[in-house]
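Once you know that position 369 of the first sequence is 368 in numbering that gives the first Met the number 0, the rest is easy, because the numbers rise by one and skip nothing.
Don't be surprised by glycine CBs; every beta carbon is placed ideally from N, CA and C.
Bear in mind the structure is a predicted one, so any value in this text is a computation, not a measurement.
Just below is one structure, and these are the notes that go with it.
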Amino acid sequence: MNVYAIFADHVREAIAALVEEGAVPAGLDVSRVVVEPPRDQSHGDLATNAAMVLAKEARMKPRDLAERIAGKLAATPHVAKVDVAGPGFINLSLDAAFWPKVLSFALMAGLDFGRSGLGAEEAVNVEYVSANPTGPMHVGHCRGAVFGDALARLLAFAGFSVTKEYYINDAGAQVDVLARSAFLRYREALGEEIGAIPDGLYPGDYLVPVGRALVAAHGPALKAMEEGEWLPLVKGFTIDAMMAAIRDDLDALGIDFDVFFSERSLVSAAADKVGTTIEALRTSGEVYEGRLPPPKGAPIEDWEDREQTLFRSTDFGDDVDRPLKKSDGSYTYFAGDIAYHKDKVERGFLKMIDVWGADHGGYVKRMQAAVKAVSAGKATLHVELIQLVRLFRNGEPVRMSKRAGSFVTLRDVVDEVGRDAVRFMMLFRKNDAPLDFDLAKVLEQSRENPVFYVQYAHARAKSILRNAFEAFPKLPEEPAAYADARLDRLDDEGELGLLKRLASWPRVVEQAAAACEPHRIAFYLHDVASDFHAQWNRGKDLPYLRFIMENDEELTMARLALVQGVAAVLASGLKVLGVDAVDEMK
RNA sequence: GGCCCCGUAGCUCAGCUGGAUAGAGCAAGUGCCUUCUAAGCACUAGGUCGCAGGUUCGAGCCCUGCCGGGGUCGCCA
């Protein structure tokens, strides 16, 4: 029940009625007509820009058009007052019975309040994390992971049919290095003195257990083999071990996937999907053999001008055409990624979202070009870039030295501050802005810590309800039972403000989903918490505003309906973010 | 040098896809609370939205050009 969407329909009906009467020209484009809450409360409950947006096309003055639309809207149910203001805004004031009805609806819907049909069950593929299986996840991965997961939850809540996907980069040179590194640990586990880990291999001691496991599985047999023989064995074994560790780490963050897609599976002996993809593009003229100019900027030492296999990404807005094969004849990462996205298209996804680190920004245009090419222009790829996280503890940067093989792992952070704090803070910032994450501050129990502030609001709501049930043992516990409380008795300014805030939840969901911006949910929840805490505090000075009025069960019940609504919206929103809504703070 | 992202109060950031007088928190200042509904509350002050043009009824938001910060620039993923 998105009241803004409902009234946007009313506005469009009003315009249609005027067209019917011949009062305004037919065929107006109403796509830009919106109904929103006015910035200033004194302007009423709802405002629409309809007259200003349509004035030019209708060849009328905005205010004249506004007057006519306003005349029609005056007859709409629940509209108490219509004003034309400013350059041509139409401001609507609703009657006192309206907002309580939204609360009743919300209480009936419970956690489903805010759920939207916006997506119309359209299939969306959200690909995120896709960390290389060459080691445990570190903090750098975690923002993208949380963002992708929250975005997937948000889109699902907004009515899309979402598939969450992880692309395992298990085919490149990196995983060969991984295998050699693991083999060294294997020899070590057999008692050999291996000394310092050579440059170019992964030094982290997370491979030590893998070495031991290889001994357990194969004994000393691998040692007698040539590299060509043991490498595939060790590689597969180690990747499996790394992916198991990564899944554990993701699980600690509350993240799971519908599909783990292996890059290796694209180039298996049975079917070279990369090759067939490239040849198909060659047939359609998007792939050719040619030469590239040397890259501008920092000179590349071993640049050689050679004829190579290129994808014509410039046809789709990219800056240069992009190579598909390395000088040794193997495919570039890009070539595999094209085949992978083609596979997604073939699985029926015309809407794809990839979540990448901001350092991959230069890759966006070519991938979007490729998606256009492999889908005959039918599919779209949105790429959300995630900026860096800087880790602090009490304001001091937490240094990590990757060179020594010791970095702050995702697991370290989750163990230190908890899943909820990590998730909420990762979402309490626009994804395209860098984020400072302070391990000490997120554990503070104060207003400055948004995680605590929001969770505490939910706990406080539950606490009020517990207290109320003691004062009035006959009161029902389930929220839906409050839907027909005497909500007309909610007449305080703060109560009405909170009511309207709750009523805007469905709109927030739709806008956040349309913009692929889960952080809006986090900020909205913070606003709800803020309104709620403020109302609670007002009861300190003004006892007649307290939620529990021991001498007035009817009023108490009405206010508890509001508290139930707050708890439901907070719980619903936190669920979208993947954060627990706790019933009490410890 | 090309491309991408960012620039909003002293600090950290929102700003609802172009709407009305640009908002929070922290810090600062002034009061209040010293007890209950659990870890404070209310008020005040604080702004040339990097700069300059443009688009239109209207721009923090869109376009162009500068300035500043970050990222990236065959055969890494």
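For GLU383 against ILE352, the beta-carbon gap comes to about 6 Å, under 8 Å, which counts as contact.
Between the alpha carbons of ARG506 and MET0 lies a gap of roughly 9 Å. For a cut-off of 8 Å, the C-beta gap from VAL370 to HIS340 is around 5 Å, short enough to register as a contact.
At a Cβ-Cβ threshold of 8 Å, GLY564 and LEU501 count as neighbours. Cα atoms of ASP431 and GLU552: separation of roughly 49 Å, rounded to the nearest angstrom. The residue among GLU225, ALA372 and TYR201 with its C-alpha nearest the C-alpha of ALA172 is TYR201. Taking ASP327 as reference, the option from ILE463, ASP247 and GLU306 with the minimal CA-CA separation is GLU306. With the rule of 3 Cβ pairs closer than 8 Å, the segment 254-271 counts as touching the segment 152-165. Contact annotation: the segment 232-240 does not touch the segment 138-145, with fewer than three C-beta pairs closer than 8 Å. Short of 7 Å from the beta carbon of GLY316, and not among the five residues preceding or following it, lie these beta carbons of its own chain, in chain order: LYS364 and ALA368. Put simply, the segment 503-519 touches the segment 114-127. At least three CB pairs are less than 8 Å apart. As the crow flies, the alpha-carbon of LEU291 is around 8 Å from that of ASP320. Contiguous alpha helix (DSSP H) elements confined to the segment 171-235 occur at 172-188 and 207-217, taking only those with 4 or more residues. If you draw a straight line from the Cα of ARG558 to the Cα of ALA512, it comes to about 31 Å.
Per DSSP, the continuous alpha helix (DSSP H) segment holding THR555 begins and ends at 552-576. In the DSSP annotation of this structure, the continuous segment of the alpha helix (DSSP H) that includes GLN510 starts and ends at 504-514. Separation of the CB atoms of ASP248 and PRO135 is rounded to 6 Å, and the pair is thereby assigned contact status at 8 Å. Assignment of LYS163 by DSSP, reduced to helix, strand and coil, places it in the strand class.
Looking at the DSSP output, ASP353 bridges to GLU126 and VAL382.
Residues ARG392 and ASN393 of the same chain have their beta carbon placed closer than 7 Å to that of ALA439, with the five preceding and five following residues left out of the count. Secondary structure note for GLN534: its alpha helix (DSSP H) is the uninterrupted segment 518-540. Judged by DSSP in its simplified three-state form, GLN444 adopts coil rather than helix or strand.
Taking the Cα positions, ALA54 is about 10 Å away from ASN48.
GLU187 and HIS532 have their C-alpha atoms spaced approximately 59 Å apart.
Using a Cβ distance threshold of 8 Å, ALA57 and LEU93 do not count as a contacting pair.
Across the structure, GLN40 and LEU390 are spaced so that their CA atoms are roughly 40 Å apart.
Here the alpha carbon of ILE245 sits roughly 14 Å from the alpha carbon of VAL209.
Counting the other CB atoms within 10 Å of its CB gives HIS359 a total below 16, which places it among the exposed residues. Taken in chain order, the unbroken stretches of beta strand (DSSP E) that lie wholly in the segment 427-486 and span 3 residues or more are 434-437.
Boundaries of the alpha helix (DSSP H) around VAL101: 97-108.
In the three-state reduction of the DSSP assignment, ALA13 falls in the helix class, which pools H, G and I.
A straight line joining the alpha-carbon of MET425 with that of LEU576 spans about 10 Å.
When DSSP reads this structure, PRO322 sits in a beta bridge with LEU309. As the crow flies, the alpha-carbon of GLN386 is around 36 Å from that of VAL52. For LYS55, the enclosing alpha helix (DSSP H) stretches over residues 49-57. Under the criterion of beta carbons closer than 8 Å, ALA170 and VAL286 do not qualify as touching, at roughly 20 Å.
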